[in-house]
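Participant:
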Amino acid sequence: MARPKYLTPEDHERIRAAVAEAELLSSGEIVTMLTDRSDGYTDVALAWSAFVAFLALSALAIAPDFYMGLYDALIADWGHEWSPGMILSLALGVATIKFAGMTLLQLWQPLKFFLIPAPIRTTRVHGQATRAFRMSAERRTTGRTGILIYISMREHRVEILADEAIASKVEPGTWADAIAAMLGELREGRTADAMIAGVAKVGAILSLHVPRLPDDVNELPDGTIEL
């Protein structure tokens with residue numbers, strides 16, 4: 005399945021310009037990244053399908069006459085006797101239909117993500133953001149001043165991760181205002197504006213803690229990575 009694109013070429017240029025402007029104020033190197041989702045959540049989808057199948061089996065155990073009557077009506081055979089083997093086949097059929105049906109329902113992405121518990125979404129986004137940070141910003145600058153701004157659209161999550169020179173001077177909670185500003189724009193559907201707002205907030209914070217040095221050079225690309 006092709007992932008949607010949230011940014012136009014003009015959006016990419018606006019964000020690149022915002023990063024370049026923010027980096028004039030400090031030694032920080034800002035990396036921006038946006039992804040449709042941070043995980044496929046196949047395990048969660050299968051767990052829901054299994055749960056629905058279990059509920060169906062429980063209903064069969066509690067009220068078997070309903071399912072047996074439905075089976076009799078469908079095959080138009082009112083006179084047969086239910087053997088243990090037939091009951092087992094009925095149970096397997098009901099479980100399979102419910103499992104497959106729930107799996108198909110979750111192909112509709114809004115439902116799939118609605119059913120993912122918030123703590124799981126938060127954990128998966130943080131894990132993917134951490135991996136992205138290690139590949140794109142961590143230890144990528146001479147002064148260890150890289151910082152990643154990461155947006156995961158489907159999960160409605162934003163992560164800001166900083167390299168050692170920044171993390172040692174800035175408490176993690178300091179980024180809360182930047183994240184709040186970004187989430188406000190995202191709720192209004194303004195993805196590019198969200199990233200630009202985050203870049204501006206982060207740049208202002210970096211200017212206070214890692215001011216620009218006379219010999220500072222641009223070590224990381226200013227463009228947004230859209231996955």
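In the working numbering, the protein residues as written are 5 to 231. The C-beta atom is built at its ideal place from N, Cα and C for all residues, glycine as well.
Please classify residue 154: does DSSP put it in a helix, a strand, or coil?
Facilitator: strand
Participant: Given residue 136, which residues of its chain have a CB within under 7 angstroms of its CB, disregarding the five upstream and five downstream residues?
Facilitator: 37, 152, 154
Participant: Thinking C-beta only, is residue 186 closer than 8 angstroms to residue 3?
Facilitator: The structure shown does not extend to residue 3, since the chain spans only 5 to 231, so no value can be given for it.
Participant: Do the CB positions of residue 99 and residue 63 come within less than 8 angstroms of each other?
Facilitator: With respect to the 8 angstroms criterion, residue 99 and residue 63 are not classified as neighbours on the basis of their beta carbons.
Participant: Mind checking whether residue 40 and residue 158 have CB atoms under 8 angstroms apart?
Facilitator: Result yes, Cβ atoms of residue 40 and residue 158 sit closer than 8 angstroms.
Participant: For the region 118–132 against the region 42–56, do three or more pairs of beta-carbon atoms, one drawn from each stretch, fall closer than 8 angstroms, so that the two count as touching?
Facilitator: yes
Participant: Measuring CA to CA, which of 52, 197, 142 is closest to residue 107?
Facilitator: 52
Participant: How would you call residue 221, buried or exposed, if buried means at least 16 neighbouring beta carbons within 10 angstroms?
Facilitator: exposed
Participant: Please report the distance separating the alpha-carbon of residue 91 from that of residue 110.
Facilitator: 29 angstroms
Participant: In angstroms with no decimal places, state the Cα-to-Cα distance between residue 4 and residue 224.
Facilitator: Examination of residue 4 is not possible in this model, given that the chain is present from 5 through 231 alone.
Participant: Please go through the same chain and pick out, in chain order, the residues whose beta-carbon is closer than 8 angstroms to the beta-carbon of residue 146, but skip the five residues on each side of it.
Facilitator: Once the five neighbours on either side are set aside, the close Cβ partners of residue 146 are 223.
Participant: State the Cα-Cα distance for the pair residue 31 and residue 188, rounded to the nearest angstrom.
Facilitator: Roughly 28 angstroms between the two C-alpha positions.
Participant: Could you tell me whether the region 12–30 touches the region 208–219, where touching means 3 or more Cβ pairs closer than 8 angstroms?
Facilitator: yes
Participant: Roughly how many whole angstroms lie between the Cα atoms of residue 178 and residue 7?
Facilitator: 32 angstroms
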